[in-house]
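**Student:**
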Amino acid sequence: MISMDQSVDYIHSTDAQWVQKVCVRDSYGQPLIGKLKVFASYFKFDWERHHMLQHMMQYSPYTLNEVQLNGCYDMVLNASTLQWNSVQNSQRNLQLSLQFVDQTNGAVEEKYTEIPIVDRELMISYPSLRLQKQYFKPGMPYFGHVMIMKPDYQPALDEQ
Numbered sequence: 695m696i697s698m699d700q701s702v703d704y705i706h707s708t709d710a711q712w713v714q715k716v717c718v719r720d721s722y723g724q725p726l727i728g729k730l731k732v733f734a735s736y737f738k739f740d741w742e743r744h745h746m747l748q749h750m751m752q753y754s755p756y757t758l759n760e761v762q763l764n765g766c767y768d769m770v771l772n773a774s775t776l777q778w779n780s781v782q783n784s785q786r787n788l789q790l791s792l793q794f795v796d797q798t799n800g801a802v803e804e805k806y807t808e809i810p811i812v813d814r815e816l817m818i819s820y821p822s823l824r825l826q827k828q829y830f831k832p833g834m835p836y837f838g839h840v841m842i843m844k845p846d847y848q849p850a851l852d853e854q
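In my numbering, the protein residues as written are 695 to 854.
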């Protein structure tokens, strides 16, 4: 079983690198020894997904690395390699494909995950459209309620 310990569910477009811990364990929780291949690609729309998943393993533009794995591995994704700070990759999801081949029996396990690339630290929204239309005027003081959220839609507490 391949698991990824994701502390943050998104990548900022200004980040230089993103570190992810990847662990491979059997059903009893023991670490496995084998070879891990990491592929990456981008897609934006739903109609692109089927085509990209079919051809990702053969024609991936970014074959990141292939490492011998003994349990866990700290995977480092670099912005210079994956170019998530470029204009054509803004507002896209980074599709990671992890393929693990067990050394003892040759069993292959794969895991796919999507990581959104965001360009805003915080999102500001109103509780209802009625409050926005009637009371908010650009450049004028606003006394009312707004919701401030992080890109994964968690409330951003104590933000100013």
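Glycine included, every Cβ here is placed at the ideal spot set by N, Cα and C. Computed from a predicted model, the values in this text were never measured in an experiment.
Given this structure, state the Cα-to-Cα distance separating K805 from S822, to the nearest angstrom.
**Tutor:** Roughly 39 Å separates the two Cα atoms.
**Student:** Check L726 in the structure and name its three-state DSSP category.
**Tutor:** Residue state, collapsed to three classes: coil.
**Student:** Along the chain, where does the beta strand (DSSP E) that runs through S697 open and close?
**Tutor:** Start and end: 696-699.
**Student:** Starting from L851, follow the beta strand (DSSP E) in both directions and report where the run begins and ends.
**Tutor:** No beta strand (DSSP E) contains L851, which DSSP labels as neither H nor E.
**Student:** Which class does A734 belong to by DSSP, given the choice of helix, strand or coil?
**Tutor:** Strand.
**Student:** I need the DSSP call for Q782, collapsed to helix, strand or coil.
**Tutor:** It is helical.
**Student:** According to the neighbour-count rule (16 or more other Cβ atoms, all chains shown, within 10 Å of its Cβ), is M751 buried or exposed?
**Tutor:** At M751, the pLDDT of 47 sits below 50, so the modelled position is not reliable and the matter cannot be decided from this model.
**Student:** Which one of K831, Y767, M817 has the shortest CA to CA distance from M698?
**Tutor:** When each option's Cα is compared against that of M698, the closest is Y767.
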